[in-house]
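First comes the structure, then the notes that go with it.
2 protein chains.
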Amino acid sequence: MNKQLQQKISSTDQNGVSVIQNQPHNSAFNPAGAAGLQQVPQLVPVSPGGGGKAKPPSKMKKNSMDKDSDEYRQRRERNNLAVKKSRMRSKQKAQDTQQRVNELKEENERLEAKIKLLSKELSVLKDLFLEHAHNLADNPASGGGPGDICNNNNNNNNNSSNGSQ
Amino acid sequence: MNKQLQQKISSTDQNGVSVIQNQPHNSAFNPAGAAGLQQVPQLVPVSPGGGGKAKPPSKMKKNSMDKDSDEYRQRRERNNLAVKKSRMRSKQKAQDTQQRVNELKEENERLEAKIKLLSKELSVLKDLFLEHAHNLADNPASGGGPGDICNNNNNNNNNSSNGSQ
DNA sequence: TCAAATTGCGCAATTC
DNA sequence: GGAATTGCGCAATTTG
Chain S
384 MNKQLQQKIS STDQNGVSVI QNQPHNSAFN PAGAAGLQQV PQLVPVSPGG
434 GGKAKPPSKM KKNSMDKDSD EYRQRRERNN LAVKKSRMRS KQKAQDTQQR
484 VNELKEENER LEAKIKLLSK ELSVLKDLFL EHAHNLADNP ASGGGPGDIC
534 NNNNNNNNNS SNGSQ
Chain V
384 MNKQLQQKIS STDQNGVSVI QNQPHNSAFN PAGAAGLQQV PQLVPVSPGG
434 GGKAKPPSKM KKNSMDKDSD EYRQRRERNN LAVKKSRMRS KQKAQDTQQR
484 VNELKEENER LEAKIKLLSK ELSVLKDLFL EHAHNLADNP ASGGGPGDIC
534 NNNNNNNNNS SNGSQ
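So the protein sequences, as listed, match chains S and V. Under the numbering used here, the final residue of the first sequence carries the number 548; numbering is consecutive throughout. Under the numbering used here, the final residue of the second sequence carries the number 548; numbering is consecutive throughout.
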């Protein structure tokens, strides 16, 4: 009780000469490297008359489901192509995402470095102010003490805000 | 476009009757809701005698290649499992990567905000500094001799160097 | 309703 | 020899 075992002959050598001899009037499709194997479902997922329910099966798709059909073959080809395309895209996207991660990581480092710098700068300035304030408090009349605000300032010479990117 | 993957029931339940009638002595394998289709290679990919070289074909692997073989079936099952696993991992990884992107983006925003804050703070301090310098210049009495030093540094309003690499 | 796009799955070749 | 990857085709669904 075999369904319908059709013998398919396909030779695939390394040269890529994959000849699929399946149905009599196969379209001239031959997508590049075509794999050398055939896959056949072999079983019908749902039996139309199986359940107790009566289904209005006015037209089963089995019509084009005929493996020997030309239409079937064409649909398969198209789908195979679509699948390929979709998968390519998927992979591309994954790669892009990975790259995005790398870029973001780099940028993060840059930003952190900048923060560090700014923090330091700020710290220095604050210290200067504090010192100056103390000087004023201790000795309001005199200026130019060792810790004067104007003294060390050249220590932190740097660049200020800069719109990155 | 929704990208979230939804893990649903495997199709072909409730239709239910996926009968796999393939090999006589199928092992008791039944990997979770077995798919309802069979795929049969049906053809030998490479003909041993394809190349010019003579190959000692003492034992072709076809031995275990016998579809009816128990070993073959077991190998297939194992591989199917491995494939499933591998693909699951792959997807998981992709998801993780995507999430990483999101996290990094968030962190980036945070960092930028911080930079903005620091910059502003710095700006304020510098302004104060400038003001002080002007005070000293306009009113030397309050300050000591070396008030000029202050002037030295407050040039930085206009930065000349950029730190970006 | 149909066609493209996605998705799950199995097979086989290859890699490790 | 066996697990892990990878490319590919099939079929069921989803999407437009």
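We put the CB at the ideal spot given by N, CA and C, even for glycine.
Using the three-state DSSP reduction, which class does residue i fall into: helix, strand or coil?
i	result
S:Ile462	The question names Ile, but residue 462 of chain S is Asn in the sequence shown. DSSP places S:Asn462 in helix when its eight states are reduced to three.
S:Lys451	For clarity, residue 451 of chain S is Asp in the given sequence; the question names Lys instead. Correct three-state label for S:Asp451: coil.
S:Leu511	helix
S:Ile498	helix
S:Asn522	coil
V:Ile532	With a pLDDT of 35 at V:Ile532, under the threshold of 50, the modelled position of that residue is not reliable, and no figure is offered here.
S:Phe412	Caution applies to S:Phe412, whose pLDDT of 30 falls short of 50 and renders its modelled position unreliable; the model cannot decide the point.
V:Gly419	Low confidence applies to V:Gly419: its pLDDT is 35, below 50, so where it sits in the model is not reliable, and the reading given next is rough at best. Of the three classes helix, strand and coil, the one that applies to V:Gly419 here is coil, per DSSP.
S:Gln475	helix
How about residue i: is its Cβ closer than 7 Å to a heavy atom in the ligand COA?
i	result
V:Ser469	Of the ligands one can find in the structure shown there are none, so the ligand COA has no counterpart to examine.
Legend entry - the region 500-518 of chain V: positions lying closer than 8 Å to chain S by Cβ: In summary, the residues of the region 500-518 of chain V whose CB is separated from some CB of chain S by less than 8 Å are Leu501, Ser502, Glu504, Leu505, Ser506, Leu508, Lys509, Leu511, Phe512, His515 and Ala516, in the order they occur in the chain.
Inset, instruction - Could you say if the region 453-463 of chain S and the region 462-475 of chain V meet the contact criterion of at least three C-beta pairs nearer than 8 Å? - result: Note that the region 453-463 of chain S does not touch the region 462-475 of chain V; fewer than 3 beta-carbon pairs, one per stretch, sit closer than 8 Å.
Inset, instruction - Taking only beta carbons into account, state which residues of the region 476-499 of chain V come closer than 8 Å to chain S, listed in chain order. - result: Listed by position along the chain: Ala477, Thr480, Gln481, Arg483, Val484, Leu487, Lys488, Glu490, Asn491, Leu494, Glu495, Lys497 and Ile498.
Legend entry - Segment contact, 8 Å Cβ cut-off, at least three pairs: the region 474-491 of chain S with the region 467-483 of chain V: In short, these stretches touch, since the Cβ pair count reaches three.
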